[in-house]
Every structure is written in C-alpha cells, then in structure tokens.
C-alpha cells in the first residue's frame, strides 16, 4: 500500500462509500486527520433510484457518482478501491483485497446486502437489487424477456417470459412493480407490434398482510389499491415464497407460479464482513454499537448505517436500514472521532430524528408519511421527486434526471432500454 | 419465427440497425411493405461519439437508442434481435440465430468491425472500439488502471498501467488520444492525490506519415501539433505495430513499448457475414454492388454502408466507410426497393455527395474540411459539436449531451467515471 499519509497524523479508515461513509469523510475533511475510504466500487451509489435504472428510466451514471470526485479538493482524503475482508482489531489493521491498511480509527459503514433467508434456490435464481451491477443485470434480463417473447411461438413459454414477480412489499418492491407496469403498458405495448401484452403479468408478493409496513395502514391500503386498480399489478399479501428454480416459483401455500423473473427485495442483512468481526451482532448480522456509535469493547471502531444495530432505548427495535439513519449517524460519528483525536473522552450521544418515509407507486402517484402528517397521490409524488432530486449527488445529475422524468412524464418513452451484455462474436 | 406479416405484402428484411439500416426502414414505412430489421443489439448506436463513452464523458444511453423506439408508430416495421448468420440467396431466406426469415428484398447494412490485419496477438490483447460493449470495456479498464496504479509500489509496473496507446491516426485514434489526455491531465491529476501523473503517457501510433489522411495535409499537421504541444500526446508517425501480449507492444522497427492498454482503431473490415455470401468482395470483405446498390447477380439483394463496396467510376477507390455514405445510399436503396415492389425496373443510380470530414482533437479544438473550405480550432469544434448534436437520435438526448458538454467544457469533471464490471461476491 502506497497510501503515504503524514506519519504524525491520525488515520481514519472508512469502509463503504455509501450515504454514511461519504458523509463521515466529508465532515473529517481538514488538515488534522488522514482519511481513507475503502470501497469495492469506485462510485457512491444512490440506491433509492436503483429501481429506475433496472426499469430503463435513468442511466447508471446518474445514480453512480465517482467517490474521488467528492474529494477533489481534499488532499487529506484518499480512496482505495478494494474489498474489506477482515479487521485485526488488536493491531488496528483493516485487511483488504489490496493489502493491509492500518488505522487509528475505523468507521464501518459497509451497508447491507440482499437477505434470502437461507433459501438457496431463490438466492441462486432470483435477482437481488442492492448493487448497480444487479440493477443493470435486471434491466438487461427484463428487456431480453420481451425480445424473446416477441418471437416465441409456445404460449406457455411466452407467458413465463412475460410474468414478472417482485417479492417484498417494501418501498423497493412497490416501486419496481409500479415501474414495470409503466414499462409494459406504456412502452412495450406500443413498440412490440407482434406481442400480445395481455399475456403479461406483474405479481407483487408480500409475506405479511400489508404493503409498506412502516407506513400508516390506510396508506398501505391505498398503495395496494393503486397497484391493483390502476397499474394492473397482482398484489398477493400473506404469501411466502419457498423455492425458485428459474422457471417456477413455489409458495408455502397455494399454486406455483411459472416465471422467468423473480426480483427479490424481501429483506436485507449486513454485509458478511460484520459477522467476521467476532463481536455481537443481531439476527440481520448488524454489529451492536453503543450510544456513541462505537463497538463497546473497541472504542476506536465505529459502525453506522445499515451494518450497525443501534437500539435507542432498551427493549425497542433497532433503527431501520434507511439512508437518514446513516447520514444522521455520520454526523455524530465524525464528531466523536474528532473529539477522540483531540484527546477528549466526552463523546456525543446519537439521537435519531425520524423524517418519515415515502414511496412512489408510479408516475404521478406516491405515498408519504411524516409523524402525524400523511400525503398521497400527485402531491406526494411531487414531494418524493424533489426530495430525491435534491439528494442526488453530482454537478449536473439532478438536472438531467429532472429533465428525463419530465420527458417520461409527458411521453413515457423510457429511452434507457439498452441491452448491454450481449456477447458479440466479432 | 412468429413475425406474422401480411401474406400479400412484399417483405423487406434489413440486416443492421446502423445509420443505413434505420434510414431505409424509415423510408419504407408505409402500408405497402412489411419491414423487419434484424440486429444482434436492440439499439441503434451513434458510433461517432463512442470515444466519449470510452473516456467517461457521456453515458451509453445517450448514444444507444432502442431500435423499436424509432418505429413506435409504424406497425409495418418490426424488429428481430438476432445475429444474421447466412443468406440462402436462391430461396430468399436470411438465416439468423433465432431462425429463418424469408424475404422478398434483402438490405445488407450490417456495418464493419475492427480489422487487426491478421495480427493475432494484437486481436487477442488490444481493445477494438466499434461496439458499445467494447467502449464500456475500455472505460472500465482505463479507470481500473488508475485505481491499480494508485496503490502500485513498483514503478515499472505503474508506468505500464499509466501508458495508453492508441493505434490508428484516423478520427477515432485522434479523438481517443485527445480525450484520454483531458481525462488524465484534467481529472485524474486532481483526484488521485497519491498518483504522480507525470508518469502517465499517451502514445498515438500511425503507420503512414500523417494523421487524418482524408484531410488536407496542413490540417493533418495542425492536428499532430495540437496533440503534441497542447495535449502532451506522443504522436509517432511511420510506425507499424507487430505484436502485443498485453504487457509489451512491439513495432516493425524501434524500441518496444511497455503498456497495459492498446486501443486499436487502425482499420475496419466488413462483418464476416459478407464473406459468407459467396459473391465478390474487396480486400476489406465488402460486397461489390452495382450503381443501383444491388448485388449484380441477385437484384433483390442490396448492400449499403460500411459492408458495401461501391465504386463510382471505374478505376476509382471505393467510397469510404463513413456515415454519410450509408445514409445517402439508404435513400437510393429504399427508393429502388419501392420501384421494384411496384413492378418498375427503372432504378435510381447512386451518386455520392461528399460532405467533407471533421474530427475533434480535444475540448475546444477540431479540424474540418469540406471541398476547398478548411476550418480549425474553436470554431471548427463548435461546428463539430452542432453537427453531432443534430444527428443524435432520441427525444432528449441532444439536450442532455449538450448540457454535459457544456458542464465538461467549464469544469471538466467527467462524471461518467464508473467501473461497472466489478465482480461482487455478495
């Protein structure tokens, strides 16, 4: 490793360039600390819009921002493209695919990955949707299904190609189902002159009795109603998956469903690095942190965001795996590192401010709740749009995305329908 | 094949959705003919800007436009995503990877591929740049080279990673070399705080004695001068490559050059389908066509663009493989098919109108020539920009591209620097 930082400075190593990791690095920018962000990708990913990439609405560069571009003018912040593999807690060394990185302080902001709950056949054959690579894979696959269906003469095979199953009734599942519906009934229907779109089917499967369980029940009902009545989505509640071989999805109860596409967003767990740490984790693999966001036995190691289990008051559930938790924790984490580095032991305690939640159902329709305030329909969608546009990173991205949304809102063309993984022989 | 077209209509099958193929289909749009476009990709590619994708300036969706989107309102034009494999000329059947497609008229507009002139080691280890997939591969590779170099402690290895060789002094080679220079000295230099950019090297290799041989000699000289003096590109004329093993490029004469990146744009040849036809081809594998753009012995088969060899007057060289030839030929080809379909045997003769040529050297600098008119510098670049913007396909693409160019012109951030092919274990 030739990351030659000043020898007299304390070094902070941050694992993960997500919402939490990037924010910590930004806040630690300054002459007194050396900061290294480690990520296996060279970009920060705006995960909330990943579903729009997978359904051909926006481009990968609009939600993927080069990590180094954040720190162009911060000579004390460096980036290492590597996979974090283990932590030598005693000797304060992060082990990575590109070699050892010693640290004075370590921030684990490594995020979460898809949780298939041990169902191997589903893990092998369904699509996860947590990474850019996965979303591109889904886009290519979905578009290819339409191309294949358009020349397939066997009706059963064709229906299998045209059946798209989203598992998980959280925001991602709802958003993907709605976006697929727009794609099929707004675009595919008009452009595949030989395809009978009435053979297509979108199914949204949820194990419990309602969608968007973090929302008030009436918004959950509204969401299901809009998907069913306006977007032609077959919403199946109280339905748990069992197996999937790439052709047939089976459930704990009821008829199996022939489909070539299962998009799984039914659960997340912390990345596997967390369980390697040898400290206490919850059942989602998140490491427990104290109120200063440190591992209790290793106060120089912090964990924030989706990979941390933070329980505000004893007996309560841990905070959810959402971006605002990560960004709010990043502020306290950075502050506490500064305090420790300057010799202080009086650390800030984290206090979560719940900003509510929102989910878009389809073009022009969303639900949002914040405290006792509830919104639905067009105005919720406009609010959703602006919240997301404002949070997008990058000089011009919010303008190009806004422009595309506006264009799609008016004409619904979805010009991102490009299959990029075709093998070309010559 | 379930492309159920009307039985009483004549069917036109077009191989290739490039400039020529798409234009023919547009011109044949109407109730009297059934048209099927066959392409191995589901998109039309705007090849002139491929170099900007490979150097992280624009996104793939900006130069790749879904073929079906052109023919949304043309129910008589269908698309088949398939590789054209052979032509049964006697029975009028196009053989494809997805089955047989019978035709009344066939338009071969299949384009060209990289010509490595039989040098196998170079074909195996250098990058071609004719397809979207290849440009994405170059982008990912180039960005990865900087990441790897930033942690590499062996100077010789590091210099090998930071040496980028473009072979071929035509527009593509010039444009890639200029764009790489901007990337390295405008972006990488500022964002890789630990990388010594003076170790980087860009080499442009050309076998003959000047760049841009289709231009007047003084513009060739100007191009070489700008690249050398302003963009720090090592322009090597009269230099022919011999071998490349992925680490070391050797030449017919002179010192070998250690490099991990060779981008080959030194020649093109027609796609291999052309040589399978069993009719006369030139040494670039292009099929010879008569003045009505037909194969002499098979008047129902037309060939246009990069895969056709059209000689205007005996003894002259064939027309060059550039977009204006393809689009101009498309007009005559479509016209002649309409005439044949309506029973006429009086066909239009093709006459090429040379629109001149232009190449961009770097941001704010280009060369252009048209007849006796010559332009260079900033105004040539503005002209280049508008010609390309106007020719871009798609509802919003010219706006987003113009916006990005403007942004890049001012700040040179190149936010498309995203490595998308990282294998992610979990």
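Residue numbers (my numbering), protein chains in the order written: chain X, 2 to 427; chain B, 2 to 427. For glycine and all other residues, C-beta sits at the position ideal for the given N, C-alpha and C.
The C-beta distance from residue 102 (chain X) to residue 30 (chain X) rounds to 19 Å, too long to fall under 8 Å, and the pair is not in contact. Between residue 109 (chain X) and chain B, the shortest Cβ-Cβ separation is not below 8 Å. In the DSSP assignment, residue 142 (chain B) falls within the unbroken alpha helix (DSSP H) covering 133-150. In the assembly as shown, residue 57 (chain B) is a buried residue. Its beta-carbon has 16 or more other beta-carbons within 10 Å. In the three-state reduction of the DSSP assignment, residue 350 (chain X) falls in the coil class. Taking C-beta atoms under 8 Å as the contact rule, residue 80 (chain B) and residue 66 (chain B) fail to qualify, at a distance of about 12 Å.
When the beta-carbon positions are compared, residue 205 (chain B) and residue 228 (chain B) come within less than 8 Å of each other.
For residue 60 (chain X), the nearest CB of chain B lies under 8 Å from its own CB, placing it at the interface with that chain.
Secondary structure at residue 40 (chain X): strand, using DSSP grouped into helix, strand and coil. With its beta carbon less than 8 Å from one in chain X, residue 76 (chain B) belongs to the interface. Residue 220 (chain B) and residue 164 (chain B) have their C-alpha atoms some 27 Å from each other. When the beta-carbon positions are compared, residue 335 (chain B) and residue 306 (chain B) stay at least 8 Å from each other.
Between residue 25 (chain B) and residue 108 (chain B), the C-beta spacing is below 8 Å. Here the alpha carbon of residue 161 (chain X) sits roughly 25 Å from the alpha carbon of residue 119 (chain X).
The segment 329-396 of chain X is shown to contain whole beta strand (DSSP E) runs of 3 or more residues at 358-363, 366-371 and 374-378, in chain order. Between residue 208 (chain X) and residue 178 (chain X), the C-beta spacing is not below 8 Å. At a cut-off of 8 Å between beta carbons, residue 67 (chain X) contacts chain B. Around the beta-carbon of residue 361 (chain X), 16 or more other beta-carbon atoms lie within 10 Å, marking it buried. In the three-state reduction of the DSSP assignment, residue 252 (chain B) falls in the strand class, which pools E and B. Closest in C-alpha terms to residue 202 (chain X), from the list X:411, X:286, X:303 and X:147, comes X:147.
For residue 229 (chain B), there is no enclosing beta strand (DSSP E); the residue is found in the alpha helix (DSSP H) stretching over 218-230.
The C-alpha of residue 95 (chain B) lies about 9 Å from the C-alpha of residue 16 (chain B). Residues of the segment 79-95 of chain X whose Cβ lies closer than 9 Å to any Cβ of chain B, in chain order: 79, 80, 81, 82, 83 and 84. In the same chain as residue 388 (chain X), and ignoring 5 residues on each side of it, the C-beta atoms closer than 8 Å to its own belong to 359, in chain order.
Here residue 353 (chain X) is exposed. Its C-beta has fewer than 16 other C-beta atoms within 10 Å. Counting along the chain, residue 126 (chain X) sits inside the alpha helix (DSSP H) bounded by residues 121-126. Close partners of residue 298 (chain B) in chain X (Cβ separation under 9 Å) are lacking, with about 26 Å as the shortest Cβ gap.
One finds 421 in chain B with Cβ atoms closer than 7 Å to the Cβ of residue 133 (chain X), taken in chain order. Excluding its 5 nearest sequence neighbours in each direction, residue 130 (chain B) has C-beta neighbours in its own chain below 8 Å: 51, 52, 55, 115, 136, 139, 173, 177, 264, 265 and 266, listed in chain order. Selection B:10, B:340, B:12 and B:36 evaluated against residue 18 (chain B) yields B:36 as nearest (Cα-Cα). Selection X:28, X:262 and X:63 evaluated against residue 75 (chain X) yields X:28 as nearest (Cα-Cα).
If one requires a minimum length of 4 residues, the alpha helix (DSSP H) runs lying completely within the segment 169-225 of chain B are 172-183, in chain order. Rounded to whole angstroms, residue 419 (chain X) and residue 403 (chain B) show a C-alpha spacing of 21 Å.
DSSP places residue 275 (chain B) in the uninterrupted alpha helix (DSSP H) bounded by 274-277. Listed in chain order, the positions of the segment 341-355 of chain X with a beta carbon within less than 9 Å of a beta carbon of chain B would be empty, since no residue qualifies. Boundaries of the alpha helix (DSSP H) around residue 22 (chain B): 20-29.
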